[in-house]
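Here the structure is laid out as structure tokens; the discussion comes afterwards.
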Amino acid sequence: MLRTMKTGRIAGRDVARVGFGAMQLGELPGRPAVDRATAIDVVRTAVELGVNHIDTAAFYGPGTANEVLREALSPYGDDLLLVTKVGAVYQGEGRVLAQRPEQLRAQVEDNLRGLGVDQVGVVNIRSVQHGLRGGFAVPADQIADLDDQLAELIALRDEGKIGAIGLSSVDSGQLRRALPAGIVCVQNFYNLLHRADHPVLELCRENGIAWVPFFPLGSATSEHRNVLAEPTVLDVAARLRGTPAQVGLAWLLAHDPSTLLIPGTASVGHLRENVAAAFVELDDSAMAVLDGLVPDARSDERK
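Numbered by the working numbering, the letters in the sequence shown go through residues 262 to 564 in order.
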């Protein structure tokens, strides 16, 4: 199905516009670990469907997601783009910040070992200055200068350990500041019902940077509205004979051509549903109704 899907660009490469996020393949707080055989089946099915952009992290774990990817797919095909992120580590039963430049380097090395590769295609710096506005305090020893973080990743890129640099959870000012480093993608919280970062999306479009929204359907741990429970989304899905998830994902794809999706799941059924969203056509009426769910999003950037 996905082999004829439209592609987007990231790090100078063409990738299917629907990729796969591996977070749910690792241990998550309050959730049982995914059966390893099931996780491997999901990953292999994704690639069979044409997915060639997979997002992961060593702190999806501890390292579990990377282990699954290595067991399922190594040796990796030349057309597969592996993307990871740094800025946190798995400790105890959850994640803790690890933002200092030397910590970022150590995390890149962890990802290389876990994935079994000599180079990771893209590495995103997971910023804590912008974040999800959770109100948490950043420990003093984890307040790192973005320029210093970028310098470390540029050094790793020069060494050939990473192919390109991306950012995650940044505002427009941070992105502008980072542009000289050659940013290839931005991962921010963005979906049909949460568009506060639209100015960042516009800046990505202006600079040819891939926009890779996380929580594209909302999050069970987020205080924000759930796309899957929105009555308007349910109505559009019923009219188009699709699912609410497909409507939410299809809106993101139609909303801006720079968008690449990485929806995650530990279910083959949900995986097939997600990738099929690439072929859901939202007519003008549906787009107008869905666009209107969040008025004036273009001027509502978080400060």
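Virtual Cβ for every residue (Gly too), placed ideally from N, Cα, C. Keep in mind that this is a model prediction, so the values were computed, not measured.
Is there contact here, the region 407-420 with the region 448-459, by at least three beta-carbon pairs under 8 Å?
no
Over what stretch of residues does the alpha helix (DSSP H) that includes Ile470 continue unbroken?
Walking along the sequence shown from the start, residue 470 turns up at place 209. Run containing Ile470: none; DSSP gives neither H nor E here.
With distances taken Cα to Cα, identify the nearest neighbour of Gly273 among Pro293, Gln403, Pro362 and Ile426.
Taking the sequence shown and counting its residues from 1, one reaches residue 273 at position 12. Comparing Cα-Cα distances from Gly273 to each of Pro293, Gln403, Pro362 and Ile426, the minimum goes to Ile426.
From Val541 to Asp339, what does the alpha carbon distance come to, in whole angstroms?
Within the sequence shown, numbered from 1, the residue matching residue 541 stands at position 280. Within the sequence shown, numbered from 1, the residue matching residue 339 stands at position 78. The straight-line gap from Cα to Cα measures roughly 29 Å.
Is it true that the region 314-331 meets the region 269-284, where meeting means three or more beta-carbon pairs spaced less than 8 Å apart?
yes
Just list the residues that DSSP pairs Val389 with in beta bridges.
In the sequence shown, residue 389 corresponds to position 128, counting from 1. DSSP lists no partner for Val389.
Let me know if Ala405 comes out buried or exposed under the rule of 16 or more other beta-carbons within 10 Å of its beta-carbon.
Working through the sequence shown from its first residue, we reach residue 405 at position 144. So Ala405 counts as buried.
8 Å Cβ shell around Leu489 - same chain, five flanking residues per side excluded:
By 1-based counting over the sequence shown, the position of residue 489 is 228. Hits under 8 Å: Leu478, Gly479, Pro505, Ala506 and Gly509.
Thinking Leu464 and Arg437 are a contact (beta carbons under 8 Å), I'd like their distance in whole angstroms, please.
Taking the first residue of the sequence shown as position 1, residue 464 is located at position 203. Taking the first residue of the sequence shown as position 1, residue 437 is located at position 176. Their Cβ separation, rounded to whole angstroms, is 7 Å, which keeps Leu464 and Arg437 in contact under 8 Å.
If we count Cβ pairs, one from each stretch, closer than 8 Å, do we get three or more for the region 322-335 versus the region 358-368?
Verdict: no, contact absent.
Between Asp358 and Lys422, how many whole angstroms is the CB-CB distance? I'm expecting something under 8 Å.
Residue numbering aside, residue 358 sits at position 97 when the sequence shown is read from its first letter. Residue numbering aside, residue 422 sits at position 161 when the sequence shown is read from its first letter. Asp is not the amino acid found at residue 358; the sequence shown has Leu there. Actually they are not in contact, since the Cβ atoms of Leu358 and Lys422 sit about 22 Å apart, beyond 8 Å.
What is the residue span of the beta strand (DSSP E) that Gln448 lies within?
Locating residue 448 in the sequence shown gives position 187, counting from the first residue. That run of the beta strand (DSSP E) goes Ile444 to Gln448.
If distances are taken between C-alpha atoms only, which option among Asn385, Gly287 and Val369 comes closest to Val329?
For the purposes of this step, residue 329 is taken as the residue at position 68 of the sequence shown. Among Asn385, Gly287 and Val369, the Cα nearest to that of Val329 belongs to Gly287.
What is the residue span of the alpha helix (DSSP H) that Ser429 lies within?
As a first step, residue 429 must be located in the sequence shown, where it is residue number 168. Premise fails: Ser429 lies in the beta strand (DSSP E), Ile423 to Ser429, not in any alpha helix (DSSP H).
Is Ala539 buried or exposed, if buried means 16 or more other CB atoms sit within 10 Å of its CB?
Here residue 539 refers to the residue found at position 278 when the sequence shown is read from its first residue. Classification for Ala539: buried.
Residues near Leu532 by beta carbon distance below 7 Å, same chain, minus five either side:
As a first step, residue 532 must be located in the sequence shown, where it is residue number 271. Same-chain partners within the cutoff: Val303, Thr306, Ala307 and Thr526.
If we call anything under 9 Å between Cβ atoms a contact, is Gly469 one with Arg278?
One-based indexing of the sequence shown puts residue 469 at position 208. One-based indexing of the sequence shown puts residue 278 at position 17. No, the pair does not count as a contact, with Cβ atoms beyond the cut-off.
Is DSSP giving Leu341 helix, strand or coil here?
Position 80 of the sequence shown, counted from the start, is the residue given in the question as residue 341. Three-state result, Leu341: coil.
Please report the residue range of the alpha helix (DSSP H) in which Leu301 lies.
Locating residue 301 in the sequence shown gives position 40, where the first residue counts as 1. Checking the displayed sequence, the identity of residue 301 turns out to be Ile instead of Leu. Residue range Arg297 to Glu309 is occupied by the alpha helix (DSSP H) that includes Ile301.
Mapping the DSSP letters down to three states, classify Gly395 as helix, strand or coil.
Indexing the sequence shown from 1 puts residue 395 at position 134. Low confidence applies here, because Gly395 scores a pLDDT of 45, under 50, leaving its location unreliable and the question unanswered by this model.
When burial is assigned at 16 or more other CB atoms within 10 Å of the CB, is Arg456 buried or exposed?
The residue you call residue 456 lines up with position 195 of the sequence shown. By the neighbour-count rule (16 or more Cβ atoms within 10 Å), Arg456 is buried.
Determine which residues share a DSSP beta bridge with Arg356 and list them.
In the sequence shown, the residue the question calls residue 356 occupies position 95. Answer by DSSP bridge pairing, in chain order: Tyr351.
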